[in-house]
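Colleague: Would you mind keeping the following structure in view while I ask a few things?
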Ligand code: URA
């Protein structure tokens, strides 16, 4: 039999051009052999076919139409590692022309079934790449912008399909994703692709340590299901994940962790019986009433004079605060400081604190290594005794709750911020007057200029009202 063989080295576009030509020339699937570009077995096969001549004339002109579903399928399967993929696609293309345009709807057809399985395998592989890529910082050369890389072992050459997700998500940093089948490079504007890298480059420890710290603190032994984990995350992906190095250690210590967790579920901090703020601050340094102590750098206690008439409560320390050890010293702190100034309040005259005293975070994308997470109800519950003790020590005339967490903790119930903002609450035990406003971080995150302005106005006017309340003797009703 006379077989035309062609080696596809440039992917789907090359296959499409060749296949169109062969179909228009009337070459049946058993007269054509497509070879994939990469495998040695195929090189041998090519050698065994050396008596056959490759078809090599000007491409046949003419129109060939295919159902859109075929194009979609073919563009996906083009990224499957099987050397059979091009022959399969050609056979389906031929049958679409000669047998039925509805062929792809025939799920029990052997060719359709095989193609569908390949398509599913590719979708699964893309999902795994999205889930398991972990970027590391490339050690910087003098004057170079920072950049990141990740290596992940893939079974199929899917990097071109998987990479656009990372360009959308981490578009503000330069990065490379390396796989054995090909690599993707993002320079901040353009996505390009190149050769694969067979083995992982040596790992930088710092980012790994961050992930490990996070996993240690967030690992829930009650939820561990090794079988499900293996099914979801095949072993080949495990070795690229820093956290898997500590999974054995975590499993070994699971019984202890489980009982500690159960114990902590309902735990509350137990501050010493004192109204001395320095003493309380010192005692809070070793608080382990909730799991957050494990991943935070330090306890961030409130600050300000014990004689303050005004107390301002936020949610929890952010990344900066966690490192510096003081409340509201990061980006949210800048918004807060400006609003205080506008309201005519000297920051040093107020007592400023948070509802939860440890930073809760999870690892983030490159350049934003620790992402803020909202504290849970049990974490607020566990931490509240510290806030209660601060309030007892200060006995403020006015408290301003910035954001929902602070309002929830003081009201003792879920609060809809919009319902409470702007009111003066006089029925709560903590202080004669309690005001609620938006949190400075919410202002930073506002989606529209309009909502940003609304929240900022509320923050500034609430703080100004708090100052007036502190200065006035009269209990002002809303
Ligand atoms: N957000 C808070 O709620 N508190 C801080 O201290 C910083 C950011």
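Residue numbers (the numbering used here): -19 to 458.
A virtual CB, placed ideally from N, CA and C, is assigned to each residue, including glycine.
Are there 16 or more other CB atoms within 10 angstroms of the CB of residue 316, so buried, or fewer, so exposed?
Modeller: Position 336 of the chain shown, counting from 1, holds the residue named residue 316. Buried, since its Cβ has 16 or more Cβ neighbours within 10 Å.
Colleague: Give the straight-line distance between the Cα atoms of residue 362 and residue 400, rounded to the nearest whole angstrom.
Modeller: Residue mapping note: residue 362 aligns to position 382 of the chain shown, counting from 1. Residue mapping note: residue 400 aligns to position 420 of the chain shown, counting from 1. Distance between the alpha carbons of residue 362 and residue 400 is about 24 angstroms.
Colleague: Between which two residues does the alpha helix (DSSP H) carrying residue 363 extend?
Modeller: Mapped onto the chain shown, residue 363 falls at position 383. First-last of the alpha helix (DSSP H) with residue 363: 357 to 374.
Colleague: Within the same chain, show all residues whose beta-carbon is closer than 6 angstroms to that of residue 319, passing over the 5 residues directly before and after it, in chain order.
Modeller: For the purposes of this step, residue 319 is taken as the residue at position 339 of the chain shown. Cβ within range, chain order: 439, 440 and 443.
Colleague: Out of 110, -5 and 91, which one is the CA nearest neighbour of residue 55?
Modeller: Here residue 55 is taken as the residue at index 75 of the chain shown, counted from 1. With distances taken between Cα atoms, residue 55 lies closest to -5.
Colleague: Is it right to say residue 19 is buried, meaning 16 or more other beta carbons lie within 10 angstroms of its own, or is it exposed?
Modeller: On the chain shown, position 39 is the one that residue 19 refers to. Low confidence applies here, because residue 19 scores a pLDDT of 49, under 50, leaving its location unreliable; read the following figure in that light. Its Cβ having fewer than 16 others within 10 Å, residue 19 is exposed.
Colleague: Taking any heavy atom of the ligand ADP as the mark, which residues have a C-beta closer than 5 angstroms to it, listed down the chain?
Modeller: Of the ligands one can find in the structure shown, namely the ligand URA, none is the ligand ADP.
Colleague: With a Cβ-Cβ cutoff of 8 angstroms, do residue 163 and residue 173 count as a contact?
Modeller: On the chain shown, residue 163 is found 183 positions in, with the first residue counted as 1. On the chain shown, residue 173 is found 193 positions in, with the first residue counted as 1. Closer than 8 angstroms, so yes.
Colleague: Please report how far the alpha carbon of residue 82 lies from the alpha carbon of residue 2, in whole angstroms.
Modeller: If you number the chain shown from 1, residue 82 lands on position 102. If you number the chain shown from 1, residue 2 lands on position 22. Roughly 21 angstroms separates the two Cα atoms.
Colleague: Just to confirm my understanding: we take residue 422, look at its own chain, exclude 5 residues before and 5 after, and list those with CB closer than 7 angstroms. What are they?
Modeller: Along the chain shown, read from residue 1 onward, the residue named residue 422 stands at position 442. So the qualifying residues of the chain are 383 and 435.
Colleague: If we call anything under 8 angstroms between Cβ atoms a contact, is residue 331 one with residue 282?
Modeller: Here the question's residue 331 lines up with position 351 in the chain shown. Here the question's residue 282 lines up with position 302 in the chain shown. For residue 331 and residue 282, yes; Cβs fall inside 8 angstroms.
Colleague: For residue 15 and residue 169, I'd like the C-alpha separation in whole angstroms.
Modeller: Stepping through the chain shown from its first residue, residue 15 is reached at position 35. Stepping through the chain shown from its first residue, residue 169 is reached at position 189. Approximately 34 angstroms between the Cα atoms of the pair.
Colleague: With DSSP run on the structure shown, which of helix, strand or coil describes residue 2?
Modeller: Here the question's residue 2 lines up with position 22 in the chain shown. Residue state, collapsed to three classes: helix.
Colleague: At the level of alpha carbons, what is the spacing between residue 73 and residue 138?
Modeller: Here the question's residue 73 lines up with position 93 in the chain shown. Here the question's residue 138 lines up with position 158 in the chain shown. The alpha-carbon atoms of residue 73 and residue 138 are separated by roughly 23 angstroms.
Colleague: So residue 282 is in the alpha helix (DSSP H); what residue range does that whole segment cover?
Modeller: In the chain shown, residue 282 corresponds to position 302, counting from 1. Taken as a continuous stretch (DSSP letters only), residue 282 belongs to no alpha helix (DSSP H), as it is neither H nor E.
Colleague: What distance in whole Å lies between the Cβ atoms of residue 269 and residue 424, which are believed to be in contact at a cut-off of 8 angstroms?
Modeller: Residue numbering aside, residue 424 sits at position 444 when the chain shown is read from its first letter. Residue numbering aside, residue 269 sits at position 289 when the chain shown is read from its first letter. Incorrect: roughly 29 angstroms between the Cβ atoms, too far for contact.
Colleague: Hey, would you say residue 156 sits closer than 8 angstroms to residue 98, going by beta carbons?
Modeller: Your numbering for residue 156 matches position 176 in the chain shown. Your numbering for residue 98 matches position 118 in the chain shown. Going by C-beta atoms, residue 156 is not nearer than 8 angstroms to residue 98.
Colleague: Excluding sequence positions up to five away, which residues of its chain have a Cβ less than 7 angstroms from the Cβ of residue 327?
Modeller: Here residue 327 is taken as the residue at index 347 of the chain shown, counted from 1. The answer, listed in chain order, is 317 and 320.
Colleague: Please list the terminal residues of the continuous beta strand (DSSP E) segment that includes residue 129.
Modeller: For the purposes of this step, residue 129 is taken as residue 149 along the chain shown, with counting starting at 1. Residues 127 to 131.
Colleague: Once the 5 residues before and after residue 307 are set aside, which same chain residues still bring their CB inside 7 angstroms of it?
Modeller: Against the chain shown, residue 307 aligns to sequence position 327. So the qualifying residues of the chain are 280, 282, 283, 294, 297, 301, 332, 333 and 334.
Colleague: Mind checking whether residue 366 and residue 251 have CB atoms under 8 angstroms apart?
Modeller: Position 386 of the chain shown, counting from 1, holds the residue named residue 366. Position 271 of the chain shown, counting from 1, holds the residue named residue 251. Result yes, Cβ atoms of residue 366 and residue 251 sit closer than 8 angstroms.
Colleague: Output needed for residue 369: all residues of its chain with C-beta closer than 6 angstroms, excluding positions within five of it in sequence on either side, in chain order.
Modeller: The count along the chain shown starts at 1 and reaches residue 369 at position 389. Excluding sequence neighbours, residue 369 sits near 251 and 260.
Colleague: For residue 8 and residue 427, what's the separation of their Cα atoms in angstroms?
Modeller: Walking along the chain shown from the start, residue 8 turns up at place 28. Walking along the chain shown from the start, residue 427 turns up at place 447. Spanning the two alpha carbons is a distance of roughly 57 angstroms.
Colleague: Looking only at its own chain, which residues have a Cβ that is under 6 angstroms from the Cβ of residue -1, when we skip the five neighbours before and after it?
Modeller: As a first step, residue -1 must be located in the chain shown, where it is residue number 19. Only 70 and 73 meet the Cβ criterion.
Colleague: Between which two residues does the alpha helix (DSSP H) holding residue 318 run?
Modeller: One-based indexing of the chain shown puts residue 318 at position 338. Element bounds for residue 318: 311 to 323.
Colleague: With a 10 Å radius around its C-beta and 16 neighbouring C-beta atoms as the bar for buried, classify residue 110 as buried or exposed.
Modeller: As a working mapping, residue 110 is identified with position 130 in the chain shown. So residue 110 ends up on the exposed side.
Colleague: With a threshold of 8 angstroms on Cβ separation, who are the neighbours of residue 355 within its own chain once the five nearest residues in sequence on each side are excluded?
Modeller: In the chain shown, residue 355 corresponds to position 375, counting from 1. If we look at residue 355 and ignore the five residues flanking it on each side, its Cβ neighbours are 272, 295, 296, 335, 336, 340, 363 and 385.
Colleague: Find the nearest neighbour of residue 392 within the set 374, 360, 378 and 77, judged by alpha-carbon distance.
Modeller: On the chain shown, position 412 is the one that residue 392 refers to. It is 360 whose Cα lies nearest to the Cα of residue 392.
Colleague: Among 126, 158 and 116, which one has its Cα closest to the Cα of residue 134?
Modeller: Counting from 1 along the chain shown, the entry for residue 134 is found at position 154. Closest by alpha carbon: 158.
Colleague: Rounded to whole angstroms, what is the Cα-Cα separation between residue -10 and residue -3?
Modeller: Within the chain shown, residue -10 is the residue found at index 10, counting from 1. Within the chain shown, residue -3 is the residue found at index 17, counting from 1. Between residue -10 and residue -3, the C-alpha separation is close to 11 angstroms.
Colleague: Verify whether the separation of the beta carbon atoms of residue 415 and residue 380 is less than 8 angstroms.
Modeller: Here residue 415 is taken as the residue at index 435 of the chain shown, counted from 1. Here residue 380 is taken as the residue at index 400 of the chain shown, counted from 1. Against a cut-off of 8 angstroms, the Cβ pair of residue 380 and residue 415 comes out as a contact.
Colleague: Give the DSSP-derived three-state secondary structure of residue 331 in the structure shown.
Modeller: Indexing the chain shown from 1 puts residue 331 at position 351. The answer is strand: DSSP assigns residue 331 an E or B state.
Colleague: If you draw a straight line from the alpha carbon of residue 41 to that of residue 129, how long is it in whole angstroms?
Modeller: By one-based count along the chain shown, residue 41 stands at place 61. By one-based count along the chain shown, residue 129 stands at place 149. Taking the straight line joining both Cα atoms gives about 45 angstroms.
Colleague: Is DSSP giving residue 26 helix, strand or coil here?
Modeller: By 1-based counting over the chain shown, the position of residue 26 is 46. Model confidence at residue 26 stands at a pLDDT of 47, short of 50, so the residue's coordinates are unreliable; what they give is reported in the following sentence. Three-state DSSP puts residue 26 in a helix.
Colleague: Under DSSP, the alpha helix (DSSP H) around residue 48 begins and ends at which residues?
Modeller: Within the chain shown, the letter at position 68 stands for residue 48. It spans 48 to 57 - the alpha helix (DSSP H) in which residue 48 sits, taken as one unbroken run.
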